[in-house]
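*Asks:* Quick mapping for you: the protein sequence lines, in order, are chains A and B.
Numbering-wise (my numbering), the first sequence opens with residue 726 and increments by one.
Numbering-wise (my numbering), the second sequence opens with residue 726 and increments by one.
Even for Gly, the Cβ is constructed at its ideal location relative to N, Cα and C.
Sharing a structure below in structure tokens format, with a few things to ask.
There are 2 protein chains.
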Amino acid sequence: MNRRRDEPASSERSTRQKRLIRSVFEASERPLSPEDVRSAAARGGEGVSLSTVYRAIRTLVEDGWLAVVELPGSGARYEVAGKAHHHHFVCEACRRVYELEGCLAVDALKLPRGFRATSHDIVISGECASCRRARTRR
Amino acid sequence: MNRRRDEPASSERSTRQKRLIRSVFEASERPLSPEDVRSAAARGGEGVSLSTVYRAIRTLVEDGWLAVVELPGSGARYEVAGKAHHHHFVCEACRRVYELEGCLAVDALKLPRGFRATSHDIVISGECASCRRARTRR
DNA sequence: CTGCGTGCAAATGCTTTGCAAAGAC
DNA sequence: GTCTTTGCAAAGCATTTGCACGCAG
Numbered sequence: 726m727n728r729r730r731d732e733p734a735s736s737e738r739s740t741r742q743k744r745l746i747r748s749v750f751e752a753s754e755r756p757l758s759p760e761d762v763r764s765a766a767a768r769g770g771e772g773v774s775l776s777t778v779y780r781a782i783r784t785l786v787e788d789g790w791l792a793v794v795e796l797p798g799s800g801a802r803y804e805v806a807g808k809a810h811h812h813h814f815v816c817e818a819c820r821r822v823y824e825l826e827g828c829l830a831v832d833a834l835k836l837p838r839g840f841r842a843t844s845h846d847i848v849i850s851g852e853c854a855s856c857r858r859a860r861t862r863r
Numbered sequence: 726m727n728r729r730r731d732e733p734a735s736s737e738r739s740t741r742q743k744r745l746i747r748s749v750f751e752a753s754e755r756p757l758s759p760e761d762v763r764s765a766a767a768r769g770g771e772g773v774s775l776s777t778v779y780r781a782i783r784t785l786v787e788d789g790w791l792a793v794v795e796l797p798g799s800g801a802r803y804e805v806a807g808k809a810h811h812h813h814f815v816c817e818a819c820r821r822v823y824e825l826e827g828c829l830a831v832d833a834l835k836l837p838r839g840f841r842a843t844s845h846d847i848v849i850s851g852e853c854a855s856c857r858r859a860r861t862r863r
């Protein structure tokens, strides 16, 4: 039904940079910012320029290969698309982003007459287990 | 229990600009961006500089008089705090922000062990009634 | 070869900050 | 008069874009 999600649009050229950027996302279990991607890519020897990361991300989002994750109080982050519908948890202490399972019945929120929803974003903020543990001694 | 929410902290001076900025928020029924505030304020003859708006907003948020509204894909907006708990709807066509009544039982989203939630943001995106009407002819 | 993709630097757009002048008390 | 607040311009950031060169096909 949808285009395959494991490769970019056909008209694009395969370059070292693009392959590297995609592998960084595939290896990550949490949403990444463009800078996260650049530094992660840099760790592997050959790097990528930030502008290339931005351009690649834009294309990958348009291709549907990446999903945008908007978080309150910080720039957008991205994660490989196609995962089961889920939402995120942001730890206010360490700023790490966790993926949560499942989704509320958002349909329960009644919209005004004539309004039609196409998507929703839910972000829970709080304190993650490791920060809590660290704070409450040990 | 909480500080009064109808006036700023006591140590601050009352200036024409601050009074104007607060009145703009009180007169608005939807969240405003700093630029929204500046232009709304400007309509009333005497204006305010953007930097003053930014400074006032920051103070008002710290005082708890304003609440921050984070929207996917655009800068933060602000609304007077103290309203009943609610969420927002962003029309993807006209970009207007509407307030929705009620709230889902967010507690239904199970957090991992040890995680503690302190707040949540829910934003529904879609098409509002007036844009839909305009699009479907008439 | 032909042309898309990349890196760098410059340009943006939004928000913050330094500083001298204006205003509140 | 003293100390806060304002406005403007400059500084910061994050993101985008123009361009010349390099690499994929």
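1) Under 8 Å, do E804 (chain A) and P756 (chain A) count as touching if we go by C-beta distance?
2) Between which two residues does the beta strand (DSSP E) holding C816 (chain A) run?
3) What's the gap between the Cα of T784 (chain A) and the Cα of F840 (chain A)?
4) Measuring alpha carbon to alpha carbon, tell me which of A:R747, A:R820, A:I847, A:G798 ends up nearest G789 (chain A).
5) Which ranges would you report for the alpha helix (DSSP H) in the stretch 736 to 783 of chain B if only whole runs of at least 4 residues count?
6) Looking only at its chain, what residues have a beta carbon closer than 7 Å to the beta carbon of V778 (chain B), apart from the 5 residues adjacent to it on each side?
7) Please list the partners that G807 (chain B) has in chain A, where partner means a Cβ-to-Cβ separation under 8 Å.
8) For A766 (chain A), is the classification buried or exposed, using 16 other Cβ atoms within 10 angstroms of its Cβ as the cut-off for buried?
9) What does the alpha-carbon distance come out to for the pair C819 (chain A) and C856 (chain A)?
10) According to DSSP, what are the bridge partners of A842 (chain A)?
11) From S774 (chain B) to A781 (chain B), what distance separates their C-alpha atoms?
12) Am I right that E795 (chain A) and G798 (chain B) are in contact with their C-beta atoms under 8 Å? What's the rounded C-beta distance?
13) Residue range of the beta strand (DSSP E) that R802 (chain A) falls in?
14) Quick check on H845 (chain B) - is its C-beta less than 8 Å from some C-beta in chain A?
15) Quick one: measure Cβ to Cβ for S776 (chain A) and S844 (chain B), integer angstroms, because I've assumed they're closer than 8 Å.
16) When you compare each of B:G807, B:A859, B:K835, B:A801 to V822 (chain B) by their alpha carbons, which one comes out closest?
17) Based on Cα-Cα distance, which residue from B:V786, B:R741, B:L791 lies nearest to G772 (chain B)?
18) Exposed or buried, which one is H810 (chain B) when buried takes at least 16 other CB atoms within 10 Å?
*Replies:* According to the structure shown:
1) By 1-based counting over the first sequence, the position of residue 804 (chain A) is 79. By 1-based counting over the first sequence, the position of residue 756 (chain A) is 31. Closer than 8 Å, so yes.
2) Looking up residue 816 (chain A) in the first sequence gives position 91. Where C816 (chain A) is concerned, the enclosing beta strand (DSSP E) stretches over 812 to 816.
3) Locating residue 784 (chain A) in the first sequence gives position 59, where the first residue counts as 1. Locating residue 840 (chain A) in the first sequence gives position 115, where the first residue counts as 1. Taking the straight line from one Cα to the other gives about 30 Å.
4) Your numbering for residue 789 (chain A) matches position 64 in the first sequence. Of the residues A:R747, A:R820, A:I847, A:G798, the one whose Cα lies closest to the Cα of G789 (chain A) is A:R747.
5) Uninterrupted alpha helix (DSSP H) stretches at least 4 residues long and entirely within the stretch 736 to 783 of chain B occur at 741 to 752, 759 to 768, given in chain order.
6) Along the second sequence, read from residue 1 onward, the residue named residue 778 (chain B) stands at position 53. These residues qualify, in order along the chain: I746, P759, V762, R763.
7) What you label residue 807 (chain B) is simply residue 82 of the second sequence in a count that begins at 1. The contacting residues do not exist; G807 (chain B) stays about 19 Å from chain A at best.
8) Here the question's residue 766 (chain A) lines up with position 41 in the first sequence. Looking at its Cβ environment, which holds 16 or more other Cβ atoms inside 10 Å, A766 (chain A) is buried.
9) If you number the first sequence from 1, residue 819 (chain A) lands on position 94. If you number the first sequence from 1, residue 856 (chain A) lands on position 131. Looking at the two C-alpha atoms, the distance is approximately 7 Å.
10) In the first sequence, counting from the first residue as 1, residue 842 (chain A) sits at position 117. Answer by DSSP bridge pairing, in chain order: B:G851.
11) Start at 1 with the first residue of the second sequence, and residue 774 (chain B) comes out as number 49. Start at 1 with the first residue of the second sequence, and residue 781 (chain B) comes out as number 56. Taking the straight line joining both Cα atoms gives about 11 Å.
12) The count along the first sequence starts at 1 and reaches residue 795 (chain A) at position 70. The count along the second sequence starts at 1 and reaches residue 798 (chain B) at position 73. Contact flag correct, Cβ pair sits at about 7 Å.
13) Taking the first sequence and counting its residues from 1, one reaches residue 802 (chain A) at position 77. It spans 802 to 805 - the beta strand (DSSP E) in which R802 (chain A) sits, taken as one unbroken run.
14) As a working note, residue 845 (chain B) is residue 120 in the second sequence. Answer yes: the Cβ-Cβ gap between H845 (chain B) and chain A drops below 8 Å somewhere.
15) As a first step, residue 776 (chain A) is located in the first sequence; it is residue number 51 there, counting from the start. As a first step, residue 844 (chain B) is located in the second sequence; it is residue number 119 there, counting from the start. Actually they do not touch by this definition, with Cβ atoms about 35 Å apart.
16) For the purposes of this step, residue 822 (chain B) is identified with residue 97 of the second sequence, where counting begins at 1. Checked all of B:G807, B:A859, B:K835, B:A801; the closest Cα to V822 (chain B) is B:A801.
17) On the second sequence, residue 772 (chain B) is found 47 positions in, with the first residue counted as 1. G772 (chain B) has its Cα closest to that of B:R741, out of B:V786, B:R741, B:L791.
18) Locating residue 810 (chain B) in the second sequence gives position 85, where the first residue counts as 1. Exposed, since its Cβ has fewer than 16 Cβ neighbours within 10 Å.
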